[in-house]
Structure formats: structure tokens, C-alpha cells
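Residue numbers (our numbering): 3 to 280.
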Amino acid sequence: MRVHLCGVRGSTPAPGPEFVRYGGNTSCVALAHDDGDPTLLLDAGTGLSGVSRLMQGRPFRGAILLSHLHWDHTHGLPFFRSGDQDGAEVRLLLPAQDGATAEDLLARAMSPPHFPITPSQLRGTWSFGDLEEGCFEIEGFQVLAREIPHKGGRTFGYRITDGLRAIAYLSDHHPYALRPGPEGFGPYHEAALALVADVDVLIHDAQYTATEFPERCAWGHSTIDYAVGLAEAAGAGRLVAFHHDPRRTDDELDEIGRSLGSAPIPVTLAREGQSVPL
Ligand SMILES: [Zn+2]
Ligand SMILES: [Zn+2]
């Protein structure tokens, strides 16, 4: 399995000279079998443009698995050059909610007057489906979907394995909504531990520092400290800190990276364009 980080920013894109080294595009992670084209995409933020670069103009054939429906996880869809072309074959899956169809849920944000076209007007062959919690076979990967706390809309974390290596993806996670937990950042709850148990790599929400958390603890996200603690508690081999706050500059991320040198497990700060070693 290959893991490409195509968009690593949280909440809204961060353009500008202070954000070039870590990247300003929002959540999108592309998974490929070995050296092949990516076939399973996690989230469809503006980082989807990076998938089109990986595809070098070829049509995308595979699945997109959305963690939830917030703008920063869907805004790349209508600008996905490799998906919006003849020859593309895309199955888009999202957490079931509100008794609505997947296509209708997406169209609430992607249709006039919010946007000129609807999901079904994307070129190529697109299908839309919803998921409940459970285990699935998608594009040759085994996927475990579990609901995790996050503010505003049903949100899934995913554990994905090709039988040799395993990753967990919890891009937006607000465990503090359950209770303060051992360090005051939220508990290491059952769904999170099940998703992360013994994975090679955990890609996790790292939006806030511990210092920022008291005034932002209700905003729906995690601290970097929580992500480190969860990775350690669940036996993950490595943490990739993801979903950087949109105001976090490259220099500030460098500073955070230095402070994580003493963490109990290896920690990498996610960078757009990076491939994660497995
Ligand atoms: Zn997000
Ligand atoms: Zn979100």
C-alpha cells in the first residue's frame, strides 16, 4: 500500500507564503496498491487537485470515502480533474445520516444557488452510496468504519488494510465531547482504540496545541497531545499529525515538530505532496 498526502490543512484552505512548505489544501489522502494509480481516496477537500497530478491526466477509477460532509472535506469534488472527465468511474461513499440519500446530502451544498452544478452533473460515471458502521471490502482494501465524535454531522474514522500494512484515518475528532479524559483532551474511547489498534500509521486530527485548547475545546477537534496519546495507547507504529489549523504557519509547525522529538512514538507533521513510508 502507498499513502499519498494530497491535502493536510484543516477547516479552510490556507494560501500564502507562510504556508507553502506544509501546504494549504484541505483534507485528501490517496491510497494505492504498490506502484499503481490511487484507487481509494479519503476525503475530497481541495487536496483532490494533488490526486489529479498523481494521475497525470488519466481518468480516476476507484472510490472516494468521505469521513463527513464539512466543506473542507468536499470542496475539491467539482474541481477533481481526473474524476470529472469522460472515462472516470467513481464510487463515492459517505456516512449515512438524516434519512437522506447520499446524493441528496451532497447536493445540499453542491447545487444552485450554492454551486452551478449538482453531483450527478460531474462527467464520467459517478455513483453515490452511504455507509453504516462495519467492515467493507473497497477497491481491494479491507475497511473498518466506526463513528467518532465531531461537531455537526455524523463522522466516521476509518481503519484500512491491504492485508500487509494498516493505517487509521481520524481526520476530525472531538473526543473531549465525551468527557475530559485522563489529560483533559478527551478519553481514549472504544471506537478510537478499535480503529487505531496496532496500525502501522495513524493519521489524526492535530488542530490545536495544548495551550490553545482551553478556549477552543468546544470547536470539534483534537490536540496534538491527544493524537500522540492515542497512538501510544493503541500501539500505532507512527503518528502523522494532520488537519493543521488554517492559521498555523510553516515556522510554527517547524517549532511544534521540534517539540515532538521527545514523543514516545515517531511523529511526522503531515506535509502536502508527501508519501508516508509504510
Ligand atoms: Zn475538517
Ligand atoms: Zn469537520
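Glycine residues also receive a C-beta, built at the ideal position from the N, C-alpha and C atoms. Computed from a predicted structure; not experimentally measured.
Classification of residue i by the beta-carbon crowding that lies within 10 angstroms, buried from 16 upward
i	result
threonine 76	buried
serine 264	exposed
threonine 103	exposed
glycine 64	buried
arginine 161	buried
serine 277	exposed
serine 29	buried
valine 22	exposed
proline 291	What is shown of the chain runs 3 to 280, which leaves residue 291 out entirely.
arginine 11	buried
serine 69	buried
arginine 125	exposed
arginine 156	buried
glutamate 141	buried
serine 122	exposed
glycine 154	exposed
cysteine 137	exposed
leucine 180	exposed
proline 40	buried
alanine 220	exposed
serine 261	exposed
DSSP state of residue i mapped onto helix, strand, coil
i	result
histidine 75	helix
isoleucine 162	strand
glutamine 144	strand
alanine 109	helix
glutamate 254	helix
valine 230	helix
glycine 52	helix
glycine 222	coil
leucine 44	strand
leucine 212	It should be noted that the sequence gives alanine, not leucine, for residue 212. Correct three-state label for alanine 212: coil.
tyrosine 178	helix
glutamine 123	helix
phenylalanine 187	coil
valine 198	helix
phenylalanine 21	helix
glycine 263	helix
proline 115	coil
One or two residues paired with residue i in a DSSP bridge
i	result
cysteine 30	Gly9
tyrosine 171	Tyr160 and Ile205
valine 278	Val5
alanine 243	His206 and Leu271
cysteine 137	Leu146
serine 129	Arg93
leucine 67	Leu44 and Leu95
Residue-chain proximity (residue i, chain D), Cβ-Cβ < 9 Å
i	result
tyrosine 228	Absent from the structure: chain D. Only one protein chain is present.
Near ligand 3: residue i beta-carbon under 8 Å from a heavy atom
i	result
threonine 251	In the structure on display, ligand 3 does not appear, and the ligands it does have are ligand 1 and ligand 2.
Item to check | Heavy atoms of ligand 2 versus C-beta positions, residues under 5 Å | outcome: His72 and Asp174
Item to check | Three-pair Cβ contact test at 8 Å for the segment 40–49 versus the segment 112–123 | outcome: no
Checklist entry - Is the segment 248–257 in contact with the segment 221–234, if contact means three or more CB pairs nearer than 8 Å? => result no
Checklist entry - Any contact of the segment 74–89 with the segment 46–59, i.e. 3+ C-beta pairs under 8 Å? => result yes
Checklist entry - Do the segment 173–192 and the segment 201–213 make contact, defined as three or more Cβ pairs closer than 8 Å? => result At 8 Å Cβ cutoff, the stretches touch.
Checklist entry - Are there three or more Cβ pairs, one per stretch, closer than 8 Å when the segment 188–202 is compared with the segment 145–153? => result yes
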